[in-house]
Amino acid sequence: MSENETTVAPPPEPLPPDRARAIKRRSIGEAQDALVTEAVERRDPARLARALDHAKLAARIAEDNRAKDVLVLDVRKATPMLDYFVIATAASRRQAAAVAFDVDAEMKKLGEHKLGMEGVEEGRWILIDYGDFVVHVFSEEGRTYYALEEIWGDAPQVAWRDEPPTPAAAD
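When the letters of the sequence shown are read in order and numbered with the working numbering, they come out as residues 441 to 611.
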């Protein structure tokens, strides 16, 4: 082969079906869901009820995955950007990822699209942004260091255990 000739690599072999399914299952952890964003009316009671129900569900999922100190904060009066924070502590990076992926899988089933997910690889602070609410899954050290409850200390806590969903949220 001369210096000016180039070689072209053959196309990659298609993945076996079981490997392709495994990759498709992992796509839930993509940083952002493919969706067209549009402005929403922030005062719409149905939107607010749905956001609250989904935040409470995220808290229950975190607790079902044995996360500790799970709470929901109502941050509507503190910021115009979102309505609720869900905060939980995981004992390990693996547990934090499980909480995040389970929350995201359930939200997808409900038609709730994430705007972004960060921190899964490191596991110290996983953040999932759904627009109206944000889920924070911390390591114990990360939760102490970032101290969101102190930063947002004026935000009231929302009772989320054993409460039925609000009727307006059942679309």
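A virtual CB, placed ideally from N, CA and C, is assigned to each residue, including glycine.
Predicted, not measured: the structure shown is a model, and the values here were computed from it.
Q: Using three-state DSSP, classify Thr-519 as helix, strand or coil.
A: In the structure shown, Thr-519 sits in coil (DSSP, three-state: anything other than H, G, I, E or B).
Q) Considering only C-alpha positions, which residue in the set Asp-569, Ala-518, Val-560 is nearest to Arg-533? A) Minimum Cα distance to Arg-533 is reached at Val-560.
Q: Could you work out which residue in Pro-485, Leu-488, Leu-497, Trp-600 is closest to Lys-548 when comparing CA atoms only?
A: Among Pro-485, Leu-488, Leu-497, Trp-600, the Cα nearest to that of Lys-548 belongs to Leu-497.
(Q) Taking the straight line between their C-alpha atoms, what separation do you get for Ile-568 and Pro-485? (A) Approximately 23 Å, taken between the alpha carbons.
Q) Are Asp-523 and Phe-578 closer than 8 Å when you measure CB to CB? A) No, they are not a contact pair.
Q. Got a sec? Which residues, its chain only, sit under 7 Å from Gly-582 by beta carbon, not counting five neighbours each side?
A. Arg-564, Trp-565, listed in sequence order.
(Q) Does Tyr-585 pass the burial test, meaning 16 or more other C-beta atoms within 10 Å, or should it be called exposed? (A) Taking all protein chains in view, the Cβ of Tyr-585 is surrounded by fewer than 16 other Cβ atoms within 10 Å, so the residue is classified as exposed.
**Q.** Separation of Leu-488 from Ala-413, as counted between CA atoms
**A.** Since the first residue shown for the chain is 441 and the last is 611, residue 413 is missing from the structure and cannot be characterised.
Q) Who are the near neighbours of Val-510 in its chain, counting only those whose CB is closer than 6 Å to its CB and skipping five residues on each side? A) Counting only Cβ-Cβ distances below 6 Å, and skipping sequence neighbours, we find Ala-499, Ala-502, Glu-503, Ala-528.
Q: Could you tell me the boundaries of the beta strand (DSSP E) in which Ala-486 lies?
A: That residue, Ala-486, is in no beta strand (DSSP E); its alpha helix (DSSP H) goes 485-504.
Q) Bridge partners of Leu-511, per DSSP? A) For Leu-511, which the question treats as bridged, DSSP gives the partners Ile-527.
**Q.** As assigned by DSSP and simplified to three states, the class of Leu-567
**A.** Correct three-state label for Leu-567: strand.
Q: Label Asp-545 either buried or exposed according to how many other C-beta atoms from any shown protein chain fall within 10 Å of its C-beta, with 16 as the threshold for buried.
A: What sits at residue 545 in the sequence shown is Ala, not Asp. Exposed is the call here.
(Q) Taking the alpha-carbon of Phe-525 as reference, which of Glu-580, Val-575, Glu-552 has the nearest alpha-carbon? (A) Nearest C-alpha to Phe-525: Val-575.
Q | Spatial distance of His-494 from Trp-600 (CA atoms) | A | About 10 Å.
Q. Just checking my contact of Ala-518 with Trp-592 at CB under 8 Å: how many whole Å lie between their CB atoms?
A. Rounded, the Cβ-Cβ distance is 6 Å, consistent with contact.
Q. When burial is assigned at 16 or more other CB atoms within 10 Å of the CB, is Gln-597 buried or exposed?
A. Looking at its Cβ environment, which holds fewer than 16 other Cβ atoms inside 10 Å, Gln-597 is exposed.
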